[in-house]
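So for the sequence shown, my numbering puts the first residue at 67; every next one is plus one. For every residue, glycine included, the Cβ atom is placed at its ideal position computed from N, Cα and C.
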Amino acid sequence: MGVSRRGLLAAGFAALALPGCGGGAAPQAEPDHKVEVFSWWAGPGEKEGLEALVADFAKHNPGIAFDNAAVAGGAGTIARTVLATRLQNDDPPDSYQAHAGRELTEDIRAGYVEDLRDLYEEQGWLDKLPGGLVQAITVNGAIHCVPVNIHRSNLLWYRPQTLASLGLTPPATWADFLTQADAIAKRGLTPLSIGPGWTQKHLLENVLLGVLGAQTYAGLWTGGTDWSSAPVLAALQVFTDVLARSDVATPAGDWQPALDRVVTGSAAYNLMGDWADAYLRTKGLVFTDGYGVVASPGTDRVYNFLSDSFTLPRGAPHPGAARKWLVECGSVDGQDAFNPQKGSVPARIDADRAKYTGYLAAAVAEWADAGTRVVGSLTHGVVADTAWNAKIDTALSTFVQDRDAVAFARAVAAGRTVS
Ligand code: GAL
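Below you can see the structure in the form of structure tokens.
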């Protein structure tokens, strides 16, 4: 059944409703000569994107020094722990990275982030972002973050020369993948490379999406799909079958080294978001000749989206400079400087499409296509809050060991926080 991009986005977020934000003493503002920005864009393929955004920020704000507080580690798994301690200790940076969607739920409830609605109105952003995205970040009429991009989670990366030597073309379904995997393993290659826990969750969400379809996948997060139903248990079984064809026994340390196994030809495929496009370019590879990508099995014409955004923490030492940083993040110039480097498409609908080439030309077109179905990523903060995600992480690390789908489904359903 077809679901429109706006419809699905709306369905995923309609239930977001939170109590009012906590109070707090008025910040003691320092002069706005610098801005400390906290992110996890420190590794190859990510830092280049941040650098491009910072260079454009410096052009518009020559008097403000940029203090880069990035903490390395894919998907922010390490950074977000460091950040949580800083926020609890009343030591916020001037702005921090967060995913648009439910990831900010707890921070909003704790009163850690300011409402930016006035900035949206001042900058005229409300009709420059997709309606579904604005809805996703609006909580009780307030907006607490500025989206800088749209990433796609459901992509399968490969090297054409590796597939040619194996006589294969990318699989359209997970059943196709499993058939291919036996042939790939016989040739001494790893069918699918994988990294740490968050990359395993990233694989899980996209196997569920590919086997269950967009509508049923979306229901996993809104309560519309029963985790213990036969189709979900069967999809979890597919996940364990796929994982058994990966190098999960000796996982790579992060997403870049997992992709390296594809680059060097020791693995055939890697399932990763389109930040992989930026990373593969840093390796000197050129799209279509040096690397290729398809929608992950079973997800053709579905965009499993996530959006990087920035916030204004309550008590930020340099709120004026922080607002200028946010203006940069929300601007056409900023987004068109950042996204072509980062491997993402602009969150704004009026950015300059001509700046997006290679893989990104197709991504921009597919994101804008009214026929593309949009669902939200679990791993990257769209559909579940941090508390539910943490419970899923714990259950998943057990599931990866014991492969007990029934127990995993029960644990995930029990961990759901309705916010
Ligand atoms: C995601 C983030 C992306 C990229 C990726 C790998 O959570 O949204 O921008 O950085 O992690 O670190």
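{"Query": "Range covered by the beta strand (DSSP E) that runs through Gly-358", "Result": "358-361"}
{"Query": "Where His-126 falls: helix, strand or coil (DSSP)", "Result": "helix"}
{"Query": "Gln-407 beta carbon less than 7 Å from that of Val-110", "Result": "Sequence inspection shows Pro at residue 110; the Val mentioned does not correspond to that position. Their beta carbons are not under 7 Å apart, which means Pro-110 does not touch Gln-407 by this criterion."}
{"Query": "Continuous beta strand (DSSP E) stretch holding Gly-442: start and end", "Result": "439-442"}
{"Query": "Minimum C-alpha distance to Pro-443 - residue among Asp-435, Lys-267, Ser-410", "Result": "Checking the displayed sequence, the identity of residue 443 turns out to be Ser instead of Pro. Nearest C-alpha to Ser-443: Lys-267."}
{"Query": "Assigned exposure category for Asn-405 - 16 Cβ within 10 Å defines buried", "Result": "buried"}
{"Query": "Where the beta strand (DSSP E) containing Asp-335 begins and where it ends", "Result": "At residue 335 the sequence reads Tyr, which differs from the Asp that was named. Tyr-335 -> beta strand (DSSP E) spans 333-337."}
{"Query": "CB contact flag (Val-440, Phe-371, <7 Å)", "Result": "yes"}
{"Query": "CA nearest to the CA of Leu-116, picked from Pro-128, Asp-98, Ala-138, Val-179", "Result": "Ala-138"}
{"Query": "Residues of its chain near Thr-365, where Cβ-Cβ distance is below 7 Å and the 5 sequence neighbours each way are ignored", "Result": "Asn-220, Asn-272, Leu-275, Gly-276"}
{"Query": "C-alpha distance - Tyr-369 paired with Arg-225, whole-angstrom precision", "Result": "22 Å"}
{"Query": "Through-space distance from Leu-378 to Trp-433, alpha-carbon basis", "Result": "28 Å"}
{"Query": "Classification of Ala-431 by the beta-carbon crowding that lies within 10 angstroms, buried from 16 upward", "Result": "exposed"}
{"Query": "Residue interval of the alpha helix (DSSP H) (run including Ala-300)", "Result": "296-310"}
{"Query": "Cys-211 versus Thr-483: straight-line alpha-carbon distance, rounded", "Result": "22 Å"}
{"Query": "Distance between Ala-118 and Thr-445 (C-alpha atoms, nearest Å)", "Result": "26 Å"}
{"Query": "In chain order, each alpha helix (DSSP H) run of at least 4 residues that lies wholly inside the segment 392-471", "Result": "398-408, 425-434, 452-468"}
{"Query": "Euclidean distance between Cα positions of Pro-196 and Gln-154", "Result": "33 Å"}
{"Query": "Neighbourhood of Tyr-162 by C-beta, 8 Å cutoff - its chain only, sequence neighbours within 5 removed", "Result": "Val-103, Phe-104, Ser-105, Leu-149, Phe-376, Thr-377, Pro-379"}
{"Query": "Own chain partners of Asp-181 with C-beta closer than 7 Å, once the 5 adjacent residues on each side are dropped", "Result": "Ala-208, Ile-209, His-210"}
{"Query": "Pair within 7 Å by beta-carbon distance, Pro-236 and Ala-247", "Result": "no"}
{"Query": "Cβ pair Ala-477, Ala-461 closer than 7 Å", "Result": "yes"}
{"Query": "Start-end ranges of the beta strand (DSSP E) lying completely within the segment 210-235, minimum 3 residues", "Result": "215-218, 221-224"}
{"Query": "Among Phe-474, Thr-438, Asp-416, Asp-435, the one whose alpha carbon lies nearest that of Leu-192", "Result": "Asp-416"}
{"Query": "At least three beta-carbon pairs within less than 8 Å, the segment 460-474 to the segment 306-320", "Result": "yes"}
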